[in-house]
Amino acid sequence: MGLSLYKEQLSSRLLLGTAQYPSPAVLADAVRTSGARAITVSLRREGTSGQSGSRFWSLIRELDVRILPNTAGCHTVKEAVTTARMAREVFGTNWIKLEVIGNHDTLQPDVFALVEAARILSEDGFTVFPYTTEDLVVGEKLLEVGCEVLMPWCAPIGSARGPVNIDALKAYRTHFPDTPLIIDAGLGRPSHAAAVMELGFDGVLLNTAIAKAGDPVMMASAFAQAVEAGRRAFEAGPLAGAARHGRALHAYHRQGGVLMRLDPFYLIVDSSAWIERLVPLGVKLVQLRIKEMAEPELRTEIRRARTICARYDCQLIVNDYWQLAIEEDCDFVHLGQEDLAAADLAAIKRGGLRLGISTHDHAELATALAVEPDYVALGPIYPTLLKKMKWAPQGLPRVAEWKKRVAPLPLVAIGGLTPEQLAGVFEHGADSAAVVTDILRNSDPEGRTREWVKATRQWR
Amino acid sequence: MKLIVNGRPLETVATDLAGLLGELGYEGNWYATALNSEFVPREERKRTELREGDRIEILTPRQGG
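Heads up: the sequence lines are chains P and U, in that order.
Note that the numbering used here has the first sequence beginning at 149, numbered continuously upward.
Note that the numbering used here has the second sequence beginning at 153, numbered continuously upward.
Spelled out as structure tokens, the structure:
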């Protein structure tokens, strides 16, 4: 459930501003109660005699949270860059929340100056958290100049209006599927925080909504719960407006990001006719892998496979055709590396589909893990007749290595497997063994399927 | 010499930034400095000479959103 920002892990998705609290003691209580692991602070002019800066600095160090200094109040590139450098010296961190204000009333950022300041600061070794609007092109420019996190507003700072443009925020999430996105500014109530978290935003940064509440400490607790609830809802796969029954059921089964468990016997077939023949024999996990077929027939095949699998409580995984899978209410797809490159992953995740990916070497594994799949397949374990492959058999030590690399995700072993070899692959860490040839090319496919069901029983 | 410190006019006998900070009673490491809008790192304050009319900023940690 943690939040990863510039390779650092924060255990909470809530970040807090520290301004406008009734007292330092209330601020400290609110931060502790919220569970926030990062807080924003700023640098200001101090009268020549005061010591309040020193006292405040002592207070926030005692809180033992990540400090995110900001450039609040800066209106030009020059001011923001100089303030950031001053903050780096005082606070001893490269983190900087970059604000370059363009409008006095709304505190809307000057996005042109923002991008330029972000470029200068990134080159100077800062890790920049830019406070921006929900404009997609500005977001792209910020990533180009070195930002790895984006912090769009959802309404003007301090307006407490909440997400005023849900469609724009959805588009933002979809446009930047892999960038941590934190909603900064505009949230007024916990329900607003939950709403943006449900859209898949990675975190929220709040200040006034807590600081100016009647009881800031209680409100901090309320926001913490709302952020947690929104995140869980997102991970559970919320029911879309037009979702059908099947999708809802699948969303329920996703159980808030809990890792799924694969049946140890993973049958792969190339037609719904095979599914009709073999699934009733006790198969609980089957992949429909059809290579070339016109769409109407393909759709019919997928629909038929889904109907049969539903009847026998068997998990169906559709190979490659993820769009048809979504349209036909399937909940699990498998992609090879080439299919993966061509697929719209955001659409797949939005559709609530689970995803398995084939891998054959380290580069492919890195590609696979980057998209956060639900399982990883490794092959070929043994020589295989079915596909002409450029990869030599991987062997069992490689299974063990892969398991170590993909854990806690389930690992599927595939390629040349027979019931006699299963002990080896399971002992080396595979969670499921996939089979094509040993069953489909057997003189007695039904008999061989029963042998597989029996042979995998001890790992079920 | 007349300076502008944190936006206010100030008369000083200090000739460098470190001297000015001493004159104003700043100690410790909880503040940062800028001269004419350029950041001046802590270790450069002593050799940063001041001139008539220079604008000095001395910033300290504050609550912020």
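Positions of the beta carbon are idealized from the N, C-alpha and C atoms, including for glycine.
Hey, residue 505(P) and residue 482(P): beta-carbon distance below 9 Å or not? yes
Would residue 610(P) and residue 194(U) qualify as a contact pair, given that the criterion is a beta-carbon distance under 9 Å? Nothing can be reported for residue 610(P), as the shown portion of chain P is limited to 149 through 608.
Terminal residues of the beta strand (DSSP E) in which residue 233(P) lies: Per DSSP, residue 233(P) belongs to no beta strand (DSSP E); it is in the alpha helix (DSSP H), 225-239.
Whole-number beta carbon distance between residue 194(P) and residue 201(P), since they are thought to touch under 8 Å: 5 Å
Whose Cβ in chain U lies nearer than 8 Å to the Cβ of residue 220(P)? 216, 217
Quick one: which chain C residues come within Cβ less than 7 Å of residue 355(P)? Here chain C cannot be found, since the structure's protein chains are P and U.
Could you work out which residues of chain P lie near residue 159(U), taking near to mean beta carbons separated by less than 8 Å? 193
Please report the straight-line C-alpha distance between residue 414(P) and residue 268(P), rounded to a whole angstrom. 53 Å
For chain U, is any of its Cβ atoms less than 9 Å away from the one on residue 227(P)? yes
If you count every other CB in all the chains shown that lies within 10 Å of the CB of residue 154(P), and 16 or more means buried, which is it? exposed
Kindly indicate which three-state DSSP category residue 500(P) falls into: helix, strand or coil? coil
Any heavy atom of the ligand FMN within a distance shorter than 8 Å of the CB on residue 186(P)? As far as ligands go, the structure on display features none, and thus does not contain the ligand FMN.
Per-residue burial, residue 444(P) [other beta carbons within 10 Å of its own, 16 or more giving buried]: exposed
Which full runs of the alpha helix (DSSP H) of 4+ residues lie inside the stretch 440-466 of chain P, going along the chain? 443-459
Contact set between residue 171(U) and chain P, taken where Cβ atoms lie within less than 8 Å: The premise fails here: residue 171(U) is roughly 15 Å from chain P at the closest Cβ pair, so nothing lies under 8 Å.
Could you check what DSSP says for residue 403(P) in three-state terms: helix, strand or coil? Summary for residue 403(P): the model assigns pLDDT 36, below 50, so the residue's position carries little reliability, and this model does not support an answer.
Residues of its chain near residue 411(P), where Cβ-Cβ distance is below 6 Å and the 5 sequence neighbours each way are ignored: 432, 433
Determine which residues share a DSSP beta bridge with residue 279(P) and list them. 299(P)
What residues are listed by DSSP as bridge partners for residue 154(U)? 163(U)
For residue 403(P), is the classification buried or exposed, using 16 other Cβ atoms within 10 angstroms of its Cβ as the cut-off for buried? Note that residue 403(P) scores 36 on pLDDT, short of 50, meaning its location in the model is unreliable and no value can be drawn from it.
Three Cβ pairs or more, each shorter than 8 Å: is that satisfied between the stretch 359-379 of chain P and the stretch 542-554 of chain P? no
Please classify residue 393(P): does DSSP put it in a helix, a strand, or coil? The pLDDT assigned to residue 393(P) is 30, lower than 50, so where the model puts this residue is not dependable; a value taken from the coordinates is nonetheless given after this. Residue 393(P): helix per DSSP, three-state reduction.
For residue 567(P) and residue 157(P), what's the separation of their Cα atoms in angstroms? 43 Å
Spell out a yes or no on whether the stretch 160-167 of chain P and the stretch 360-367 of chain P are touching, meaning 3 or more CB-CB pairs, one atom from each, closer than 8 Å. no
Just reading off the beta strand (DSSP E) that residue 157(P) is part of, what are its end residues? 156-158
At what residues does the alpha helix (DSSP H) containing residue 174(P) begin and finish? 172-182
Return no unless some Cβ of chain U is closer than 9 Å to the Cβ of residue 264(P). no
So, with DSSP's three-state summary, where would you put residue 201(U)? strand
Just how far apart, CA to CA, sit residue 239(P) and residue 356(P)? 23 Å
What is the residue span of the alpha helix (DSSP H) that residue 551(P) lies within? 544-554
Inspect the CB distances between the stretch 163-172 of chain U and the stretch 593-604 of chain P and report whether three or more fall short of 8 Å. no
With a cut-off of 9 Å, does the C-beta of residue 305(P) fall near any C-beta of chain U? yes
Which bits of chain U does residue 167(P) rub up against, with CB to CB less than 7 Å? 215, 216, 217
Going by Cα to Cα distance, which pick from 561(P), 583(P), 586(P) is closest to residue 575(P)? 561(P)
As assigned by DSSP and simplified to three states, the class of residue 189(U): coil
Span separating the alpha-carbon of residue 204(U) from that of residue 494(P): 60 Å
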